[in-house]
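Visitor: My questions all concern the structure below.
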Amino acid sequence: MRRPWLAANWKMYKTVPESLAYAQELWHLLSDIKGWDQALDLAIFPNALALWPFAEKWAATAIGIGAQNLDPGTEGALTGGTSGFLLREAGARFVIVGHSERRKYFGETDEIVRTKTEAALEAGLGPIVCVGESQDERRQGETLKVVHRQVRQAIETLEPSHVRRVTIAYEPVWAIGSGLVPTPEEVARVAEAIRADVADLAGSEARDQIRILYGGSVNDQNLLSFLDTPDVDGALIGGAALNAANLAKMARRIMDRDPLMKSGQ
Ligand code: PEP
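Those letters in the sequence shown? Residues 412 to 676, per our numbering, in order.
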């Protein structure tokens with residue numbers, strides 16, 4: 412069974428002390444939610460500067476730690492670069508790849524996203540590959556076409572055993588930070604299409620194992636409407652996860668949804 416996953420993308424917010432204070436508060440709040448660590452995965456994606464101190468304190472706990480970006484390669488004369496290898500050494504276990512803000516503001520193409528996905532896997536990180544259509548593409552009825560292209564470009568060169576380690580986050584660009592969300596039916600249609608693409612590229616085992624997240628203006632009120640969609644396993648959360656109490660509330664919503672979760676079954 413695929414475990415539900417809450418992934419908190421802090422973007423370019425929070426100093427190192429603020430990051431550590433958040434984790435402390437989150438840990439305290441989670442300790443009131445019986446069995447959460449047996450039933451769901453939860454990961455924080457802080458600024459890269461906070462990774463090392465964050466991991467030193469929290470790596471041995473059930474709070475997962477990831478980076479928001481990586482540069483391909485291992486090490487070398489690449490001024491300003493941070494490789495997957497360095498991130499992993501600093502404590503990251505996951506990395507976000509191809510977030511729409513990186514595609515938009517840093518010129519990341521599908522080709523670059525593919526290279527970064529490969530580099531993440533080589534470094535032993537679990538990549539979360541973000542895909543999603545713009546508002547214009549949506550209006551033109553091109554959602555599935557765009558997602559299909561982005562998914563294929565990111566994973567088509569990977570071995571099936573590597574594909575299984577990838578997570579795909581469906582994040583419609585127009586929904587990020589806007590307060591707007593697609594309907595659960597729209598998300599279901601896209602998630603189903605992503606699984607079909609994965610099956611086609613890497614087989615049915617990969618289709619069944621890969622996790623798909625929804626991201627874009629998720630909050631504790633709408634979270635379950637997306638998670639109740641059969642092909643969606645969790646959420647990538649930006650703004651609403653900048654507050655530890657909100658993230659803990661979301662974890663509690665998942666635990667309260669299904670009494671079996673409480674016993675970790
Ligand atoms: C994100 O940054 O990946 C995101 C989904 O942001 P928000 O939740 O703020 O829309």
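Beta carbons: idealized from backbone N, C-alpha and C, even for Gly.
Could I get the ranges of all uninterrupted beta strand (DSSP E) runs contained in the segment 518-573, with 3 residues as the minimum, in chain order?
Guide: 537-542
Visitor: Gln676 by DSSP, collapsed to three states: which one?
Guide: Its pLDDT being 47, under 50, Gln676 is placed unreliably in this model, and the value from its coordinates should be taken loosely. Shown here, Gln676 sits in coil according to DSSP, grouped into three states, outside any helix or strand.
Visitor: Around the Cβ of Gly675, are there at least 16 other Cβ atoms within 10 angstroms (buried) or fewer (exposed)?
Guide: Because Gly675 carries a pLDDT of 46, less than 50, the predicted location of this residue cannot be relied on, and no value is offered for it.
Visitor: Comparing alpha-carbon positions, which option in Trp416, Ala607, Met423, Pro583 lies nearest Ala473?
Guide: Trp416
Visitor: Could you compute how far the alpha carbon of Arg664 sits from the alpha carbon of Asp631?
Guide: Whole-angstrom Cα-Cα distance: 7 angstroms.
Visitor: Express the C-alpha separation of Lys660 and Ala646 in angstroms, rounding to a whole number.
Guide: 14 angstroms
Visitor: At the level of alpha carbons, what is the spacing between Lys673 and Asp642?
Guide: Because the pLDDT of Lys673 is 49, which lies under 50, any placement of that residue in the model is unreliable, and the number read from its coordinates should be weighed accordingly. Distance between the alpha carbons of Lys673 and Asp642: 22 angstroms.
Visitor: Which partner residues does Phe465 have in the DSSP bridge list?
Guide: Looking at the DSSP output, Phe465 bridges to nothing.
Visitor: Between Ala580 and Cys541, is the Cβ-Cβ spacing less than 8 angstroms?
Guide: yes
Visitor: Nearest-angstrom Cα distance between Lys422 and Leu612?
Guide: 31 angstroms
Visitor: How long is the line joining the alpha carbons of Leu460 and Val592, rounded to whole angstroms?
Guide: 31 angstroms
Visitor: My assumption, with CB atoms under 8 angstroms, is that Leu462 sits in contact with Gly492. Please give the rounded CB distance.
Guide: The Cβ separation is near 15 angstroms, so there is no contact.
Visitor: Are the CB atoms of Thr528 and Val584 nearer to each other than 8 angstroms?
Guide: In this structure, Val584 does not lie closer than 8 angstroms to Thr528 by Cβ.
Visitor: Could you tell me if Glu486 is buried or exposed, where buried requires 16 or more neighbouring beta carbons within 10 angstroms of its beta carbon?
Guide: Classification of Glu486: exposed, given that the 10 Å Cβ count is below 16.
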